[in-house]
Structure formats: C-alpha cells, structure tokens
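Visitor: For the record, the sequence lines run as chains A and B.
Counted from 1, the first sequence has number 422 at position 422 by the numbering used here; the numbering is strictly sequential.
In the numbering used here, each residue's number is its place in the second sequence (first place is 1) plus 423.
The beta carbon of each residue, even a glycine, is placed where N, CA and C say it ideally should be.
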Amino acid sequence: MMRSSAMRDLMAVTARPDVISLAGGLPDTSTFPPQTFAAQMTRIAQESAAEALQYGPTEGFKETVDCIAQVMAAEGMLPDPEDVIVTTGGQQAIDLICKTLVDPGDAVICEAPTYPGAVPVFCSYQADTIQIECDVDGMRIEELEVALERLDGEGRRPKFVYSVPSFQNPAGVTMSLERRHRLVELARRRELLVVEDNPYGLLRFGGEPLPPLYQLDGGDFVIYVGTFSKILSPGIRLGWAVAPPPVMEKIVLGKQAADLCTSTLTQHFVREYFASSRWREYVASLVEIYRGRRDAMVEALRLHFPPQATWTEPEGGLFVWATLPEYIDTEDLLAKALREDVAFVPGRAAYVDGRGRNSMRLNFSGAGEDEIREGIRRIGKVVGEQVELYGALTGEHQGAPARREEGERENVVPFRKTGEGGG
Amino acid sequence: MKVAVLKGGRSLERGVSLRTGARVEDALGRLGHDVLALEADAGLVKRLGEERPDVAFVAMHGPGGEDGTAQELLEILGIPFTGPSVAACARCIDKVLAKHEMRAAGVPTPDWFAFNETAFRELGAADALGALEERLGFPLVVKPSRGGSALGVKFAASWFEVPEALVAAFSYDDRVLLERFVEGRELAVSVLGAEPLPVVEAIPAGGDRYDFEARYEIGRTTFACPAELGEAETAAVIEAALGAYETLGCSGFSRVDLILGEDGPQVLEVNAIPGLTDTSLLPQAAEAAGMSFEQLVERILDLALKPAAA
C-alpha cells in the first residue's frame, strides 16, 4: 500500500520480457567477442589460477592500476598510482567516499537532476543533500556559489560537490569548459572537495572532448571516480577512485571493512584484456553503436513526442532526459506506458526532494535501434493522449508550440533555463 | 493435496503478487501439500490442464487475477479455487460498480461521480465538473476505478487541482471516480468465510491528513490491530464491512477498507484478493485472532473446497 513500495512494484513490471525497456542503464555487452572472453578465462585458469582464486590487496592489483592509468591517460589524466584504489564498481567508490567523509546532517551538493544511484547513497549516510540546477552546460556554477554562501551564513561547509560533468546521468548534458574551470577554481579558492564521477567520458559521439575536472585540478581537490562498466563490462564490477593520500587512507580502511578486496578474478580479466586486446578499438565500436541508437532515439522523439515536450540531445553517454508539461506526472505516466509495454525511469528518482515529476530518463544504450523507435513511438502516444485529455479538461488550446527561444532547435533542451521554474 | 499457486501476471501489482505467492507456497509446503508454483503467463492454462491440481490458490492482485479473469479459466477447467467467485471479483475490482451495488443495498459509501475518458474527449464532460464543488465539495479524492494499490489515487484540494489529478488517474484506467473526502480513521476489516477478523487501523504518523502522498510513504503509517474502538463503533464497522462483503457476493476471504467518520463508517472499497505478504493487513488481522499464517492458508483452502463450510 505504501507509495514507495508501490513504485518499486511498478519498476518490477518494467522487467517483464515483453516490455521494451528504455528504463535501465545497461551498456551493450552483446558485441563483446565470446572467443576473446573464452581465451582470456582459459589463460587465467592456466597461468594464474591460484592468484585469481585468492584474496588480493585491498587497494587492488598493481596491474589493474596500470590499466586504470591507461584509461585515464586516454582523457589526459596522469594520476599517481599510489592515489588509486580499485573498487567493486564505481558505485562502491561513491559509497566509500560518503562513508569516509559524510556524517549525519552534513551537507553534500550535487546536480539537479543527479545520478539516481547516488541518491540512496547520500540518503543512507543521512547527508543533507542540496541539488543545484543544471542546464545544457551542466551545473549552474553561479547557483552553486549562492548555495555555498548560504551555507557560509549558517556556518556550514559541504563535505563535497558531486558531479557527473560529461554526458550526465540522467540529463545527458555536459559541463562546459568555462564552467569546469570555474568549478575547479572555486574548489581551490574555498578548499572544497569535488567528486567527479566520469563513467561516460570516453563515450563521445560528437563535439570536442573536454578535459575532466581531475585534469584541470591536478588531483588536489578533485576526487575522481571511474569504472570499467561502460567501456568493457558492468558484470565484472570493477571501478576505481583516485583521491589525495589523507582521504585515500580512510577509503582503504572503509574498503577493508566493506569487502576486504575487489574480485581478483575480474581484475585478472581486465589485466588479460588490456594485455591482449586493443581496448580502445572496442570502445570505438561501442561509440558507433551508441551514436546510431542516440540518433534513432532523437529522431523518434522529434517524430512522436508532442510539441509541448522538450529533451536533451546528448553528445555522448547513455541517456536522454525529456521534460513534459507540468501537469503530467511521469510516475503515473509509467503505468499508462506499461499498458503499451514500454518503460522509462520517472524523473523523481533523480531528485531528493520530489522535483522531476514531469521529467523522464530514456536510455538508448540497452536496446536496438528498431526497439528504440518503437518504444519512443509508444511513449509519444501515451504522452499525446495525456496532453489531449488535459486540453479537453481545461479547454486549453491544443497543439500550441512549446515555448521556444531564439536560435534553439525545435524541442531541444530548454531544460531549466534561467528564470524558468523547476516544475 | 496438490495445490497450484497462481502468481505474477501482468498487472501493476505483480510485485505484491509474487511476494504473496512465495509466502503462500512456503506455508503450503510446511503444511505438507504438494505445491505447484505457476506464473500466470501464456502457458498457464496448458500447465493447469497437464498438472490437474486439486485446488488453485489464486495469489494474484489487480486486473487479470483479481477481476475474475483467472477465476473464469479455473471454472472452465473445473479446478476449485480460493477467494471470491468470478462475479464477486468483477464487482469488487470495479470501484464504480461496487459503489453502485453498495449504495443500492444501503451499505454506506461516500458520494461520488464517475467518468470515463470518452466523456471528456467526446462529450464535453469537463463542463460538468463545475457541479462537483456543489455536489461533493473540496477536498475530494480522485482515483482510477480499477486498481488495488495507492497508485493513481490523488487528492484535489481545490478546483484547480482536478484536471491534473484526472490526468494521473486516467493513466491507470479508462474510468475514474471523484469521491467525497471523508475525514476519519482509516480501517480495514478482513473477512474469512463469513467471519470478520479483528479490525486493523492505519495510523498516519503525525503530519497533515490532507497530505495524501505522505500517507503512503514507508514509515509514515503504522498499523494497530485490533483497532481501539468502542463496542458500538466496532459493531457499526463490522456491520458495514459484512454488508459490503455480502452485497458484492464475496466468499472465501476479502478485505473491506473503510473510513470511520463523524457520521459512522463509510466503505471505500472491497479488495477481493488482498495481499498476504508479511506486511499485509489480512495476515495481521488473522494473527490478532490467534491464527498462524499456516492456519490461515489451510482455512482459505478449506473454504475453497467446501464452500458450504463457510
């Protein structure tokens, strides 16, 4: 009977096999060559069975850290290997950082909307989570400054600012270079920690690569979270954190308490993979797949969503964020969508305070292009029906074009412009 | 005895159904029955035909399992099943139909209006909404006619909130009802056979009674069983609950949800097949009556096999 458990039940229905799910965040693993998988596992069994079946160091194997260094170097980062810890997915890195830094009631700042998987972590450490509006250029730094000054006035300091600057989950937006510089300068000036979560940085389909915050800052105030989930496999549960020594010491203690060490077997898997394969070629092949799927989704949105809807057009990553008229609650809409056998994530999951009710996250990495087109068509149909019904109920003129500003492409992005309410 | 447990299905309450089903299977196993767990999917009828269970325990909620559909199939196959009949399920699942039946039989239920989507799309029903204030007053409750959980149930404090609430409720069903909000205590009476179990009260933990959403948040509602009621109040509540149960033709077991307001009890709805999870109300009520979960399950089976025993 309780609302959140009812919502969980609704999400359980999205897992039905006949449902086209644009709800998950699943990377495509179908093109990973099975023969590579088999060959690697065979080599591990023949050459390193004892070590691969044994406990390992809490920080992770040196060889895993070498692979991490390669991945980070691909985006221009050169961390000190001593600052790196291998974790059970990037999710554990977020958890360990909170465990290390957050006491109940401490302020933590993140984006609005933020990564839905971070919300329960912040909540479980009883953080006072403050969300800063995003727009097409990512977190609005001037609003961050206002929030920091307000906290100053209360004699409080946030423990950190959490950001997914590139191809954000869920909004699909990327922080501009100018804002990246401003955030890093702000962190330095205020001696404020920034947690940069960068799972998607290498999944860029268009535009120019931007330097990660970690690179701009040099690792003084930026704690970095990375993962192999989106460039290799989420099933191996391998991620990492890079943090300055005093923070890292505590993270290591927390990791010991949590699970002693990260799977040694899958660390061997990554080691073998990086030794024998051209990992960047596989990432490039994923980028091609995802670009096609992003294009299919955006085209379908243009075709099937009513003019009252807006959405982001990401240059990378896995997600599009669509916003509907304020009178549509996407949790209720999901029930209607499920009657058409299609699912998405209601926007409220990306907020701690009930906002996001008229937005939705749409994933394009986990379904084929035809499925995406059909899924968006079905969602567009139910949205269109709700818009029409609301019009019939209120006598509002239907088919009026969405509010649009000069120079903007049709329906793209006006997601929380200056002065526009959150809804 | 070979007992098939039907669970899952395509309704939005699939999750609750799977939990009810799993718990019932455990209990049946402990009772020494031969348990056949059946997911309600396209292969259901074929499996039932092949397996020929002695009785089917219907652990399904919402449209498909609680509306008479599964029950009809079981009747065709000649397999006895737990819970209410096809007709009773069809009446309970449709809150509008159920309210009409109750009103006709003199069972108290709050005033309401019901609309289907066509009325708004094609017949200009929006123009009739103005009469709501006069007839029902505000605040009022907007809910989908079919659907057993809190999903889609909205609260409109003023005229301006009605369209949005209707859009939400129509996400769940083609027909919605607008119901007078009755201020009062929220009670549930589970009925087993013809016997009422102790009354359960849902108590919102502080906060605003008008904050409808908050009432469904975990931890903001506690349950008291048996509810603290006076003798006369208990008698009135039980009378209303049994009246609803009988009027809708329920048998086996069901749960009646009521509000106890200033003018006595008002029946909101009857859940033909209420949840039997470890947090559900019917098992709590049975426990308060001194019945273990196993005894409850055994009794429900008896009622299915020997309806006269009721």
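Can you tell me the Cβ-Cβ gap for V447/B and A493/B, rounded? I've got them flagged as a contact below 8 Å.
Guide: Residue mapping note: residue 447/B aligns to position 24 of the second sequence, counting from 1. Residue mapping note: residue 493/B aligns to position 70 of the second sequence, counting from 1. The pair is not a contact, with the Cβ atoms about 15 Å apart (cut-off 8 Å).
Visitor: Can we count L78/A as close to the ligand GTP, meaning its CB is less than 6 Å from some heavy atom?
Guide: Summarising the ligand content, the structure contains no ligands, and the ligand GTP is consequently not present.
Visitor: Mapping DSSP to helix, strand and coil, what is V382/A?
Guide: Your numbering for residue 382/A matches position 382 in the first sequence. Helix at V382/A.
Visitor: Are the Cβ atoms of A243/A and F221/A separated by less than 7 Å?
Guide: Reading the first sequence from its first residue, position 243 is the one you call residue 243/A. Reading the first sequence from its first residue, position 221 is the one you call residue 221/A. No, the Cβ-Cβ distance between A243/A and F221/A is not below 7 Å.
Visitor: Quick one: what's got a C-beta closer than 8 Å to W535/B's C-beta in the same chain, skipping five residues either side?
Guide: Within the second sequence, residue 535/B is the residue found at index 112, counting from 1. Cβ neighbours of W535/B beyond the five flanking positions: V519, K522, L559, L600, L601, E602 and R603.
Visitor: Given E51/A, which residues of its chain have a CB within under 7 Å of its CB, disregarding the five upstream and five downstream residues?
Guide: The count along the first sequence starts at 1 and reaches residue 51/A at position 51. Answer for E51/A: T264, listed in chain order.
Visitor: Please tell me whether T394/A has its Cβ less than 7 Å away from any Cβ of chain B.
Guide: In the first sequence, counting from the first residue as 1, residue 394/A sits at position 394. Chain B, which has a Cβ nearer than 7 Å to the Cβ of T394/A, makes this yes.
Visitor: Within the same chain, show all residues whose beta-carbon is closer than 6 Å to that of R632/B, passing over the 5 residues directly before and after it, in chain order.
Guide: In the second sequence, residue 632/B corresponds to position 209, counting from 1. Residue confidence for R632/B is low, a pLDDT of 49 falling below 50, so the modelled location carries little weight; the figure read from the coordinates is stated next. Closer than 6 Å at Cβ, skipping near neighbours: no residue.
Visitor: Between A712/B and chain A, is there a C-beta pair that is closer than 7 Å?
Guide: One-based indexing of the second sequence puts residue 712/B at position 289. So, not an interface residue.
Visitor: Counting only runs of 3+ residues fully inside the segment 91-167 of chain A, write out the beta strand (DSSP E) ranges in chain order.
Guide: Counting only runs of 3 or more, we get 107-112, 128-135 and 160-163.
Visitor: At which residues does the alpha helix (DSSP H) containing Y273/A begin and terminate?
Guide: Counted from its first residue, the first sequence places residue 273/A at position 273. Y273/A -> alpha helix (DSSP H) spans T264 to S276.
Visitor: Buried or exposed: D217/A, going by 16 or more other Cβ atoms within 10 Å of its Cβ?
Guide: Counted from its first residue, the first sequence places residue 217/A at position 217. It is buried - the Cβ of D217/A has at least 16 other Cβ atoms within 10 Å.
Visitor: Would you mind listing the alpha helix (DSSP H) stretches within the segment 43-81 of chain A that are 4+ residues and don't spill past its ends, in chain order?
Guide: 62-73, all fully within the segment 43-81 of chain A.
Visitor: Select from P697/B, G575/B and L704/B the residue whose C-alpha is nearest the C-alpha of S677/B.
Guide: As a position in the second sequence, residue 677/B is number 254, starting the count at 1. Here the closest residue by C-alpha is P697/B.
Visitor: Mind checking whether A465/B and V428/B have CB atoms under 7 Å apart?
Guide: Along the second sequence, read from residue 1 onward, the residue named residue 465/B stands at position 42. Along the second sequence, read from residue 1 onward, the residue named residue 428/B stands at position 5. In this structure, V428/B does not lie closer than 7 Å to A465/B by Cβ.
Visitor: Thinking just about the alpha-carbon of each residue, which of L78/A, K230/A and W240/A is nearest to the one in D95/A?
Guide: Looking up residue 95/A in the first sequence gives position 95. Considering only alpha carbons, the answer is W240/A.
Visitor: Determine, using beta-carbon pairs with one atom in the segment 120-132 of chain A and one in the segment 177-186 of chain A, whether at least three such pairs fall under 8 Å.
Guide: No, they do not touch.
Visitor: Could you tell me which chain B residues have their CB closer than 8 Å to the CB of Y390/A, listed as they occur along the chain?
Guide: The residue you call residue 390/A lines up with position 390 of the first sequence. Under the 8 Å cutoff, chain B gives P586, E587 and V590.
Visitor: When you compare only the Cα positions, how much space is there between S715/B and V565/B?
Guide: On the second sequence, residue 715/B is found 292 positions in, with the first residue counted as 1. On the second sequence, residue 565/B is found 142 positions in, with the first residue counted as 1. The straight-line gap from Cα to Cα measures roughly 37 Å.
Visitor: Is any beta-carbon of chain B found at less than 7 Å from that of Q126/A?
Guide: Locating residue 126/A in the first sequence gives position 126, where the first residue counts as 1. Taking Cβ atoms only, chain B never reaches closer than 7 Å to Q126/A, which makes this a no.
Visitor: Does the Cβ-Cβ distance between T58/A and K255/A come in under 7 Å?
Guide: The count along the first sequence starts at 1 and reaches residue 58/A at position 58. The count along the first sequence starts at 1 and reaches residue 255/A at position 255. Yes, the Cβ-Cβ distance between T58/A and K255/A is below 7 Å.
Visitor: Can you name, in chain order, every residue of its own chain whose Cβ lies under 7 Å from the Cβ of A592/B, other than the five neighbours on each side?
Guide: Counting from 1 along the second sequence, the entry for residue 592/B is found at position 169. V565, K566, P567, G575, K577 and V599.
Visitor: For a test of the three-state rule: what should DSSP assign to Y282/A, helix, strand or coil?
Guide: What you label residue 282/A is simply residue 282 of the first sequence in a count that begins at 1. Three-state result, Y282/A: helix.
Visitor: Could you name the residues of chain A that E540/B contacts, counting a contact when the two beta carbons are closer than 7 Å?
Guide: The residue labelled residue 540/B in the question sits at position 117 within the second sequence. Going along chain A in sequence order, the residues near E540/B (Cβ under 7 Å) are L389.
Visitor: What span of residues does the beta strand (DSSP E) with A241/A cover, start to end?
Guide: Locating residue 241/A in the first sequence gives position 241, counting from the first residue. That run of the beta strand (DSSP E) goes G239 to V242.
Visitor: What in chain B is Cβ-close to V13/A, meaning under 7 Å?
Guide: Taking the first sequence and counting its residues from 1, one reaches residue 13/A at position 13. Near V13/A (Cβ distances below 7 Å), the residues of chain B are L435 and R437.
Visitor: Name the residue from E654/B, R608/B, V660/B and D596/B whose alpha carbon lies nearest to the alpha carbon of V619/B.
Guide: The residue labelled residue 619/B in the question sits at position 196 within the second sequence. The question names Val, yet the displayed sequence has Pro at residue 619/B. Ranking the options by Cα distance to P619/B, first place goes to V660/B.
Visitor: I'd like to know whether the C-beta of Y351/A is nearer than 7 Å to at least one C-beta of chain D.
Guide: No chain D is part of this structure, whose protein chains are labelled A and B.
Visitor: Just curious, the beta strand (DSSP E) that F319/A is in, first and last residue?
Guide: Looking up residue 319/A in the first sequence gives position 319. That run of the beta strand (DSSP E) goes F319 to T323.
Visitor: Can a CB atom of chain A be found closer than 7 Å to the CB of Y595/B?
Guide: Working through the second sequence from its first residue, we reach residue 595/B at position 172. Judged by the 7 Å Cβ criterion, Y595/B is in contact with chain A.
Visitor: Can you tell me whether A554/B is helix, strand or coil according to DSSP?
Guide: Taking the first residue of the second sequence as 1, we reach residue 554/B at position 131. Helix.
Visitor: Alpha carbon to alpha carbon, how far is E710/B from G105/A? Give it in angstroms, no decimals.
Guide: For the purposes of this step, residue 105/A is taken as the residue at position 105 of the first sequence. For the purposes of this step, residue 710/B is taken as the residue at position 287 of the second sequence. Roughly 40 Å between the two C-alpha positions.
Visitor: Can you find a C-beta in chain A that's less than 7 Å from the C-beta of R544/B?
Guide: Within the second sequence, residue 544/B is the residue found at index 121, counting from 1. By this cut-off, R544/B is an interface position.
Visitor: Look up R180/A in the DSSP assignment and say whether it is helix, strand or coil.
Guide: Residue mapping note: residue 180/A aligns to position 180 of the first sequence, counting from 1. R180/A falls in the helix class under three-state DSSP.
Visitor: Secondary structure at P627/B, three-state DSSP: helix, strand or coil?
Guide: By 1-based counting over the second sequence, the position of residue 627/B is 204. Residue state, collapsed to three classes: strand.
Visitor: Looking only at DSSP bridge pairs, what is L610/B linked to?
Guide: Working through the second sequence from its first residue, we reach residue 610/B at position 187. According to DSSP, which records beta bridges pairwise, L610/B is partnered with E624/B and L681/B.
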